[in-house]
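Just below is one structure, and these are the notes that go with it.
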Amino acid sequence: MDLSLNVNGRPEQFAAEPNELLVERLRDGLGLTGTKVGCDTGQCGTCVVQLDGRSVKSCLVLTASAAGSRVTTIEGVTTRGGELSGLQEALRQEHGTQCGFCTPGMVMALGELVENTADREAPTEPEIREWLTGNLCRCTGYHSVVRGVQRACSAARTEIPEEISGAAAVSAPGGPGPEPASVPASASASGQEV
Amino acid sequence: MTAVTGEAPLQGSGLLGQPLDAREDPQLLRGEAVYVGDINLPGTAHMAILGSPVAHAKILSIETKAAEQMPGVLKVATAADFTDVMPLPCIWIPGGVESHFPPHPYGLPGARPVLTGDAVRHVGDPIAVVVAETPRQAAAALAAIAVEYEPLPVVTRADAALAEGAPQLHEAVPGNLNAYWTCGDKDRTEAALAEAEVKVELDLVNQRTINSPIEPRGAVGDYNAATDEYTLYASTQGPHNHRFLLAALVLGIPFNKLRVIAPTVGGSFGTKGYLYPDMALVLLLSKALRRPVKWVDTRTGLMNSTVQGRDHRQHVVLAGTRDGRMTGLWATSYANLGAYPSTIGPGVATALMGRSISGMYDIPAAFCEVYAAFTNTVSLGAQRGSGRAEAAFLMERLVDRFAAEIGMDPAAVRRKNLVPNEKFPYDNGLGWTYDSGDYQVNFDKAMALSGYADMAARKAEARTRGKRLGVGIATYVAICGVGPSTRMSQEGMLGGTWESANIRVNPTGEVTVTVGSASTGQSHHTVFAQVAADELEIDPALVQVYEGDTLKAPYGQGTYGSRSYSMAAPAVALTARKIKAKLVKAGAVFLGVPEEKVVYAGGKVYEEGNEENAKTFADLAMAMWYGWGLPHEIEPALDETTHFDPPDFNYPFGTHVAVVEVDELTGETEVVAYTAVDDAGNIGNPKIVLGQIEGSITHGLGQALMEAAVYDEQGLLLSSDLTTYALPRAADVPFFTLGKTTTPTPHNALGAKGAGEIATVPPAAAVVNAVVDALSDLGVQHIDMPLTPEKVWRRLRGEAQ
């Protein structure tokens, strides 16, 4: 069947089998390999993309059922080699990665959290952990990712959105960012000496 | 809190120890890193593997004609197509090479062929492969292959496999016994147990777990007919090692005809250092089809084929005195090797575990025996903290049991038996000689940080909320820095275990570092650049690191056992020192002063006391490239290599304290606080190590609370995907309280001990100790992992184990 999608702002038209998964279209059909496949059962979250602004697991979505939608993948968050988004920058500063395989999916899932809560109080640590439940990471144990989100949310609340569009201003790459205001005492103890 | 000082002083500019940002991170965060599944060479065909649906059967026939007719299918192959291919070698033979004379160059009897033809021995055992135009076509054609089986009886437990009349897996291995392996002093230990004032015993199951890197394994084979060269892209921890094993021991092709490239690798935790059939198959099929052949595993495929971890059934005994001195330790273990000996699994299950069992304690008599057996399960291999975690678990469970028996505080018993400082280097009587340590300082710090003294009040408070609070301590020593090649040969390792680094100074003053190691997420590009820049006293931005491609990198053995920073990084440092030494020699010529007056400091060379007239690193790099005016004994250019083989292993250690709350009504266990004080010697980049420690603890908590590879009686793996195998999720873990002590090792130039996986070693023991503590008033002395709510709930109601 002939379908169309808007992927990262670009209209795409193609023929797809009825049982084709969205992740297959993105990776194999469109060459957008930033989206990963880790588990085939919707458990790991490495395939998360945003479908009309909501994060979804693209291994659980048929391409046909997404027809006509707006899809944002990790490739749509930044330009190739370009400046990191506020969330990405915060995750970089907290080293919220290791092997990086789960990272694109996490950025896509957490992006929705950071954006959705930008106009209210920063999400609490349990809220962040709850939001992360759909994404598995075997390397970091999530701690650095949670700290990264705390940092991103804290930064998002100190920026002036009119002046800095899209990316949250944490600091210049390489420089030390502001300490997140919302990090609980237990969090700052974590790793204080290592 | 620094204790013993190592012999090798830290040099350099002070960059080491700094939490530099990982230079790998931006491309990972943008999704731009290339993993094996992202590699699409022109003309690529796709391979799928038919794994056995039954655990044990004779293969009577395989019919592939229908599959060959399926759309897009290019080739269907079975064992009959690969009769000239050797089986996959096992290169760690328990008991030492000497005991296996003549040596088995291709590993142990029972070695796995690239495809099985006579019989299947576990669910997932590869029987046939299909190569097709698309992955879907290849997968679809698998269903059209008809295999006729004659069922054989199944055995999935090591102890059962050794019983009389048990199903036999390999003709060459009567009784399924791969190895009976021992260490320690049996007679002294028997005497210690016989004379003991107090003796406690436990039967333990260290359950089988699945490492579960989030990226399943994959391989792309690319044969070039014009040059007769093979290239393998694979998710591997050890590209050089895989090149050696594949070229020399499996395919029988010249070493220089095979290039192995590890792209970005999505986690490994031990599993991707092993040699698997698919690595050979993509190469063989690429040659047959004259096209690149790609294979990427599914999650269920991974669970049924990638090596699994732990899996010991043990009877352990501890002897001691009424006043808390430990006098004897005995461990009998049945290790489940699975259906075939994996690349180094038999060594992990024996030496790596057995020699580690006494941990941080000074026990005068200890003995360990391991029966390593074949069963109808997936092959056993390494898992983050492998061997050492199994050892710490048995020891730390025993200490708590002993403390309860004599009515002494578990912390006090531990404190009393720690190896004292004056005994280093310490021979543990089981085969390891601990290099350095200050165990008391480390232990006391963990007690203080965790607030151990206040636990009674916390327990009382928890009870008012319907929760039972328990506290568990676990200490450990983790052998790392594998290792001295000769020592490893005595352990039965077929192959060297040194590590190497090359430094090439570019004419324009930048530096290229290549290492034989290969990252699976440990930020090598950042850390090795840091080491070279520190030693050369230059800006780390000038240093670029390459690894993972056997054509470009110097020989090396790869990343495993937390060895990269204590093996490859010292090789980088030593190489940088060679560069500096050469620059001092050349500097003497360029400056026209005697060599002994020349100083290398701050990335410059100058005459002592005349710093204004210095030659900068960039000046010297260009001058050495030109080579003008150099005397004959100084070669032009700056290109040095070091192969580092340490004098002995290194021994990081630490103390962890878990605080749990068990819900009276549901049996749920929540880890409410976790304190870890680890000692990895001198740390290069604390930001990188922090992530490794946090991830390692979480991994260990997973084994304690939820992870288990469950086989049914027919040998079917019931936990065969991530809906049935539980991994810790973000909401399952709290932030941890972390501290460190620093005891440098004298065994390498950086004083560095292994760090990457060491914090996986004690958490399972700490958590089980904590839950048993919470339930101790009910008479509970032990609960087998994983501590699922149901299991704990039953114990809360007085049901037996």
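Here the protein sequences line up with chains A and B, keeping their order. First residue of the first sequence: 245, per the working numbering; consecutive thereafter. First residue of the second sequence: -14, per the working numbering; consecutive thereafter. Idealized CB from N, CA, C, for every residue including glycine. Keep in mind the model is a prediction, meaning the values are calculated, not measured.
Residue i to residue j span [Cα, whole Å]
{"i": "Ala561 (chain B)", "j": "Val516 (chain B)", "result": "9 Å"}
{"i": "Ala556 (chain B)", "j": "Leu521 (chain B)", "result": "14 Å"}
{"i": "Asp144 (chain B)", "j": "Cys346 (chain A)", "result": "38 Å"}
{"i": "Met350 (chain A)", "j": "Asp284 (chain A)", "result": "17 Å"}
{"i": "Thr212 (chain B)", "j": "Gly286 (chain B)", "result": "34 Å"}
{"i": "Ser343 (chain B)", "j": "Asp308 (chain B)", "result": "19 Å"}
{"i": "Val426 (chain B)", "j": "Leu403 (chain B)", "result": "10 Å"}
{"i": "Ser309 (chain A)", "j": "Pro262 (chain A)", "result": "9 Å"}
{"i": "Asp6 (chain B)", "j": "Asp363 (chain A)", "result": "30 Å"}
{"i": "Leu178 (chain B)", "j": "Ile391 (chain B)", "result": "16 Å"}
{"i": "Ala124 (chain B)", "j": "Ser704 (chain B)", "result": "22 Å"}
{"i": "Ala30 (chain B)", "j": "Trp280 (chain B)", "result": "9 Å"}
{"i": "Asp207 (chain B)", "j": "Tyr540 (chain B)", "result": "22 Å"}
{"i": "Ala622 (chain B)", "j": "Phe602 (chain B)", "result": "13 Å"}
{"i": "Gly109 (chain B)", "j": "Val528 (chain B)", "result": "45 Å"}
{"i": "Gly297 (chain A)", "j": "Glu356 (chain A)", "result": "8 Å"}
{"i": "Asn191 (chain B)", "j": "Thr745 (chain B)", "result": "14 Å"}
{"i": "Gly457 (chain B)", "j": "Gly392 (chain A)", "result": "30 Å"}
{"i": "Gly572 (chain B)", "j": "Lys582 (chain B)", "result": "10 Å"}
{"i": "Asp282 (chain B)", "j": "Ala694 (chain B)", "result": "18 Å"}
Residues near residue i by beta carbon distance below 6 Å, same chain, minus five either side
{"i": "Gly506 (chain B)", "result": "Gly252"}
{"i": "Ala388 (chain B)", "result": "Pro395, Val398"}
{"i": "Arg443 (chain B)", "result": "Leu454"}
Contact test: residue i Cβ vs the ligand FMN heavy atom, cutoff 7 Å
{"i": "Ile318 (chain A)", "result": "With respect to the ligand FMN, the structure offers nothing, as it holds no ligand at all."}
Close Cβ partners of residue i (< 7 Å) along its chain, the five nearest in sequence each way excluded
{"i": "Thr49 (chain B)", "result": "Val61, Thr63, Ala113, Ile130"}
{"i": "Pro152 (chain B)", "result": "His41, Leu137, Pro138, Val139, Val140"}
{"i": "Cys168 (chain B)", "result": "Gly339, Arg340, Cys353, Leu415, Gly416"}
{"i": "Lys280 (chain A)", "result": "Thr290, Cys291, Phe345, Pro348, Gly349"}
{"i": "Gly652 (chain B)", "result": "Pro774, Glu775, Val777, Trp778, Leu781"}
{"i": "Met393 (chain B)", "result": "Gly309"}
Top-ranked residue by Cα proximity to residue i, from the options
{"i": "Gly312 (chain A)", "options": "A:Asn379, A:Leu247, A:Val393", "result": "A:Leu247"}
{"i": "Glu354 (chain B)", "options": "B:Glu149, B:Leu314, B:Met609, B:Thr194", "result": "B:Leu314"}
{"i": "Glu600 (chain B)", "options": "B:Val292, B:Tyr20, B:Phe575", "result": "In the sequence as presented, Glu is not what sits at residue 600 (chain B); that position holds Lys. Taking only the C-alpha atoms, the option nearest Lys600 (chain B) is B:Phe575."}
{"i": "Ala204 (chain B)", "options": "B:Leu189, B:Gln222, B:Thr194, B:Leu187", "result": "B:Gln222"}
{"i": "Ala210 (chain B)", "options": "B:Val108, B:Leu270, B:Leu702, B:Arg15", "result": "B:Leu270"}
{"i": "Thr640 (chain B)", "options": "B:Gly422, B:Lys565, B:Gly480", "result": "B:Gly422"}
{"i": "Gly80 (chain B)", "options": "B:Pro74, B:Pro198, B:Leu479", "result": "B:Leu479"}
{"i": "Arg193 (chain B)", "options": "B:Asp282, B:Met311, B:Leu322", "result": "B:Leu322"}
{"i": "Gln54 (chain B)", "options": "B:Asn491, B:Leu127, B:Arg275, B:Asp172", "result": "B:Leu127"}
{"i": "Val300 (chain A)", "options": "A:Met352, A:Gly330, A:Ile372", "result": "A:Met352"}
{"i": "Pro795 (chain B)", "options": "B:Val498, B:His684, B:Gly372, B:Phe359", "result": "The structure shown does not extend to residue 795 (chain B), since chain B spans only -14 to 786, so no value can be given for it."}
{"i": "Gly237 (chain B)", "options": "B:Ala265, B:Ala554, B:Leu772, B:Ala148", "result": "B:Ala265"}
{"i": "Ala606 (chain B)", "options": "B:Ile488, B:Phe254, B:Thr683", "result": "B:Ile488"}
{"i": "Asp534 (chain B)", "options": "B:Thr362, B:Ala554, B:Ala181, B:Arg244", "result": "B:Arg244"}
{"i": "Asn226 (chain B)", "options": "B:Ser485, B:Gly95, B:Ala715, B:Thr119", "result": "B:Ser485"}
Same chain, Cβ closer than 8 Å to residue i, five either side skipped, listed in chain order
{"i": "Asn722 (chain B)", "result": "Reading off the sequence, residue 722 (chain B) comes out as Thr, not Asn. Leu434, Ser435, Ala658, Tyr659, Thr660, Ala661, listed in sequence order."}
{"i": "Pro239 (chain B)", "result": "Ala232"}
{"i": "Gln766 (chain B)", "result": "Leu187, Arg386, Ala389, Val757"}
Check whether residue i and residue j have beta carbons under 8 Å apart
{"i": "Thr307 (chain A)", "j": "Glu264 (chain A)", "result": "yes"}
{"i": "Val19 (chain B)", "j": "Tyr134 (chain B)", "result": "no"}
{"i": "Leu686 (chain B)", "j": "Pro729 (chain B)", "result": "no"}
{"i": "Val590 (chain B)", "j": "Leu559 (chain B)", "result": "no"}
{"i": "Ala357 (chain B)", "j": "Ala320 (chain B)", "result": "yes"}
{"i": "Thr256 (chain B)", "j": "Thr291 (chain B)", "result": "yes"}
{"i": "Pro469 (chain B)", "j": "Pro632 (chain B)", "result": "yes"}
{"i": "Leu274 (chain A)", "j": "Gly286 (chain A)", "result": "no"}
{"i": "Thr216 (chain B)", "j": "Lys430 (chain B)", "result": "no"}
Neighbouring residues, chain C, relative to residue i (Cβ below 7 Å)
{"i": "Ala18 (chain B)", "result": "In the structure shown, chain C does not exist; the protein chains are A and B."}
Can you check the region 532 to 617 of chain B for any beta strand (DSSP E) of at least 3 residues that lies completely inside it and give the ranges in chain order? 583 to 586, 589 to 592, 595 to 601
Please list the segments of the alpha helix (DSSP H) lying wholly inside the region 139 to 204 of chain B, counting only runs of 4 or more residues, in order along the chain. 143 to 146, 171 to 180
Secondary structure, alpha helix (DSSP H): runs of 4+ residues fully inside the region 210 to 259 of chain B: 224 to 229
Taking only runs that begin and end inside the region 23 to 61 of chain B, name each unbroken beta strand (DSSP E) of 3 or more residues, in chain order. 30 to 36, 42 to 48
Quick one: which unbroken beta strand (DSSP E) runs of 3-plus residues sit fully inside the region 338 to 410 of chain B? Chain order, please. 350 to 359
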